[in-house]
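One line per chain: the protein sequences are V and Y, in this order. Everything in the first sequence is counted per our numbering, starting at 53 for the first residue and increasing by one. Everything in the second sequence is counted per our numbering, starting at 7 for the first residue and increasing by one. The beta-carbon is built from N, C-alpha and C at its ideal position, and this holds for glycine as well. Reading through the structure tokens given below for one structure.
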Amino acid sequence: MSVQAATRVANDASRVGGEVRLSVEQVSYAYSANPAQAPLFTLEATSFQARPGEILAILGPNASGKSTLLKLISGALEPLSGRVLLNGFLTHSLSPKTRAQRIAMVQQESPLLFPSRAWEFVLQGRHPYGRALRFESEEDVIIARNALAQVGADHLSDRWMDQISGGEKQRVILARALAQQPLLLLLDEPTLHLDIGAQVDLLDALRRLAAANRYTVVVVTHELNLAAEYADQVILLQRGKSLRIGPPANVYQRELLEQVFQTSLSVDLSSSGRPRVNVLPGT
Amino acid sequence: MRPLTFQNLFLRCLALATVLFVVVVIALKLGAVPVSLYGLGRDLVRALLGQSSGISSDYGMIVIDIRLPRILLGIVVGASLAVAGTSFQALLRNPLADPYVLGVSSGAALGAIVALIAEPHLAISPEFAALLTPFGAFLGAAASIAAVYFLGRREGQIDSSTLLLAGIISASFLSAVILFLMTTQIGRDMHGIAFWMMGDLSTPLQQKLRWVLGVGFLAAAGAIYTTASDLNMLLAGEKEAMHLGVDVPRVQLVVYIAASALTGLAVSVSGAIGYVGLLVPHVMRFIFGSDHRMLLPAAAFGGAIAIVIADTLARTVVAPAELPVGVMTAMAGAPLFIYLLRRRLA
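Following this line, the structure appears as structure tokens:
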């Protein structure tokens, strides 16, 4: 293990800790075209917990239930059974406003109807704190400005959202989520469409922020190696079933991953001591 | 970072109100009968002070009793249509939405006509009979926007082109029904047909309806304004808005009902005037940006200004004859619609 990696592990230990913040208890869900028919898709009972500062990655092939699980955590969907608690409150039962003060969601890019500037976009994160006609206060402006600075995007403040690169846009979207000052930060494939440099930048920023602001972060991703590098816990899903939950080293096992992703691969250790997956094509 | 402040909002509205005032004064002056600016000012002051006996001249009568009520009607109708258009654009997430293009105005016109036909057969007191037309127009507007909304959905998502197509087809179907009813029930009446299909401000408003129109406009536009900040979030989509703390179903319901009411009110007193709800929000967005806290009042002023100008032109360009105001708005609005459509497809 390199010196750098050793410091990071020590940091990890000090970063994560304290009380349980997010508690997912035997949560299940079923989609069906109509109530009389058998469900088209079911998510079987899943349980895990996360503490402040912790990064969780939800992994799995397409249609394994990753986004459904994220929606259940966010409170957008009501579980069929079980419950999702954030600091002891059911996420689904919170009012939209309260929920948005505690949970921020970074979704796959949605197109804007009319152009807006980056600062306007970030200020939207203050919406759940507004009252009546919601003119933004000095405090809102300071918080939004800090949020942009925290993702290293202050220079983008006056740019139009449709005239910046994908990586820059993703930072601004993250800044809006930070402006919500959430306890729980949810991200749905945030690195999609980003080049590898921008992916690493974003995840570095995420890890720094989780440590500094004590966010609990849950991220849905297809990037096995990035998840292994950055996540404290990994949830591996297959066809609506959570196969294994735990630190990357426990989940990244060759037979398990080969069976889930239906491809030949090998697992070794990266220079940081985290598991690394190599796909072996044509074997 | 320069977020909108109340002071900023107030000053911009004041500027727009000034423009509206200037336009109104010019509109009062122009017409088949020329009026001097001095005489206009003197008569207006007298009318405001309640000294109507002082206004003896025929010119004064024309200005105070004919032109002024018509201009005030145009102001409320224009503001209603522009606010309704802005709301539909946000609600349906479609920059080309407008009560006329979506067939909502035709639905309102049909509702109003059905109410007119049904009125003699219903045993209601005369006080409420006057309310029947605007109420019928509101129901017609609400029903047609619901129909267009469901016809314009594909796989649970609103599809922009399907929505517009559904609106245009509904408008053409509703116009056919209107013409059918006008011919068989009311008697072929060119003026009536032009009124409902094109829009016209020349019919004087009944005394009772003035109150309904004024109070209805303030209530509905006020209700929409309480959701101004939520509408900003809704532009990014329902899911995004929900995660930013917007009570999406509540906002949608409020805006849907209030925008239908505004369309119904406007159409019941002036017929289906086209394109104001499309043109004005775009011009205002270009000047003031797309923040609905600023955009909604700006659209209200802009709609009023646009209609007063259009109606003044309609009164004067072929004087002593008159054009329906909708002819002017369609001549300006339809080319702009094509331009926006092309730019969107590009």
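Integer Cβ distance of residue i from residue j, believed to fall under 8 Å
| i | j | result |
| --- | --- | --- |
| residue 229 of chain V | residue 105 of chain V | The Cβ separation is near 16 Å, so there is no contact. |
| residue 41 of chain Y | residue 35 of chain Y | 5 Å |
| residue 102 of chain V | residue 111 of chain V | Residue 102 of chain V to residue 111 of chain V, Cβ: 15 Å. No contact. |
| residue 269 of chain Y | residue 112 of chain Y | The Cβ separation is near 10 Å, so there is no contact. |
| residue 281 of chain V | residue 326 of chain V | 5 Å |
| residue 332 of chain Y | residue 280 of chain Y | 6 Å |
| residue 288 of chain Y | residue 240 of chain Y | Not confirmed; about 18 Å, so no contact. |
| residue 117 of chain Y | residue 152 of chain Y | With a Cβ gap of about 13 Å, residue 117 of chain Y and residue 152 of chain Y do not count as contacting. |
| residue 91 of chain V | residue 97 of chain V | Contact doesn't hold; Cβ gap of about 14 Å is too wide. |
| residue 203 of chain V | residue 223 of chain V | 4 Å |
| residue 235 of chain V | residue 138 of chain V | 6 Å |
| residue 285 of chain Y | residue 242 of chain Y | The Cβ separation is near 24 Å, so there is no contact. |
C-beta neighbour in chain Y for residue i, strict 8 Å
| i | result |
| --- | --- |
| residue 180 of chain V | yes |
| residue 93 of chain V | no |
| residue 279 of chain V | no |
| residue 128 of chain V | yes |
| residue 160 of chain V | no |
| residue 338 of chain V | Absent from the structure is residue 338 of chain V, since the part of chain V shown begins at 53 and ends at 335. |
| residue 59 of chain V | The pLDDT assigned to residue 59 of chain V is 43, lower than 50, so where the model puts this residue is not dependable, and the model offers no usable value. |
| residue 53 of chain V | Low confidence applies to residue 53 of chain V: its pLDDT is 41, below 50, so where it sits in the model is not reliable enough to give any reading. |
Cutoff 8 Å: residue i Cβ touching any chain V Cβ
| i | result |
| --- | --- |
| residue 352 of chain Y | Since pLDDT at residue 352 of chain Y reaches only 48, below the 50 mark, its modelled position is unreliable, and the value read off the structure follows with that caveat. Not an interface residue. |
| residue 342 of chain Y | no |
| residue 246 of chain Y | yes |
| residue 251 of chain Y | yes |
| residue 40 of chain Y | no |
| residue 233 of chain Y | no |
| residue 144 of chain Y | no |
| residue 19 of chain Y | no |
| residue 12 of chain Y | yes |
| residue 159 of chain Y | no |
| residue 348 of chain Y | no |
| residue 337 of chain Y | no |
| residue 316 of chain Y | no |
| residue 103 of chain Y | no |
| residue 147 of chain Y | no |
| residue 285 of chain Y | no |
| residue 225 of chain Y | no |
| residue 9 of chain Y | yes |
| residue 97 of chain Y | no |
| residue 188 of chain Y | no |
| residue 239 of chain Y | yes |
| residue 90 of chain Y | no |
| residue 23 of chain Y | no |
| residue 320 of chain Y | no |
| residue 229 of chain Y | no |
| residue 48 of chain Y | no |
| residue 73 of chain Y | no |
Closest Cα partner of residue i within the set the options
| i | options | result |
| --- | --- | --- |
| residue 202 of chain Y | Y/222, Y/330, Y/242, Y/312 | Y/330 |
| residue 402 of chain Y | Y/138, Y/87, Y/208, Y/143 | The requested residue 402 of chain Y is not part of the displayed model; chain Y covers only 7 to 352. |
| residue 275 of chain Y | Y/47, Y/49, Y/81 | Y/81 |
| residue 233 of chain V | V/174, V/293, V/255 | V/174 |
| residue 251 of chain Y | V/99, V/134, V/152 | V/152 |
| residue 310 of chain Y | Y/335, Y/94, Y/246, Y/225 | Y/335 |
| residue 1 of chain Y | Y/292, Y/220, Y/245, Y/97 | No information on residue 1 of chain Y is available, as it lies outside the stretch 7 to 352 that chain Y covers here. |
| residue 268 of chain V | V/79, V/100, V/84, V/95 | V/100 |
| residue 174 of chain Y | Y/185, Y/157, Y/190 | Y/157 |
| residue 201 of chain V | V/257, V/147, V/243, V/251 | V/257 |
| residue 105 of chain Y | Y/21, Y/78, Y/150, Y/70 | Y/150 |
For residue i, the residue or residues it bridges with in DSSP
| i | result |
| --- | --- |
| residue 204 of chain Y | Per DSSP, none; premise fails for residue 204 of chain Y. |
| residue 339 of chain V | Look at the range of chain V in this structure, 53 to 335, and you will see that residue 339 of chain V is not part of it. |
| residue 327 of chain V | V/321 |
| residue 78 of chain V | DSSP output for residue 78 of chain V lists no bridge partner at all. |
| residue 157 of chain V | V/238 |
| residue 212 of chain V | V/169 |
| residue 197 of chain V | None; residue 197 of chain V has no bridge partner. |
| residue 259 of chain V | Per DSSP, none; premise fails for residue 259 of chain V. |
Where residue i meets chain C, residues with beta-carbon distance less than 9 Å
| i | result |
| --- | --- |
| residue 265 of chain Y | This model lacks chain C altogether, as its protein chains are V and Y. |
Proximal residues, the segment 137-152 of chain V versus chain Y, C-beta separation under 9 Å: 147, 148, 149, 150, 151, 152
Residues from the segment 187-212 of chain V in contact with chain Y, defined by Cβ distance under 8 Å: 187, 188, 192, 193, 196, 197, 209
Residues of the segment 233-257 of chain V whose Cβ lies closer than 7 Å to any Cβ of chain Y, in chain order: none
Interface residues of the segment 164-178 of chain V facing chain Y [CB-CB below 8 Å]: 164, 165, 166, 167, 168, 171, 172, 175, 176, 177
Residues of the segment 295-311 of chain Y with Cβ closer than 9 Å to any Cβ of chain V, in chain order: 295, 296, 297, 299
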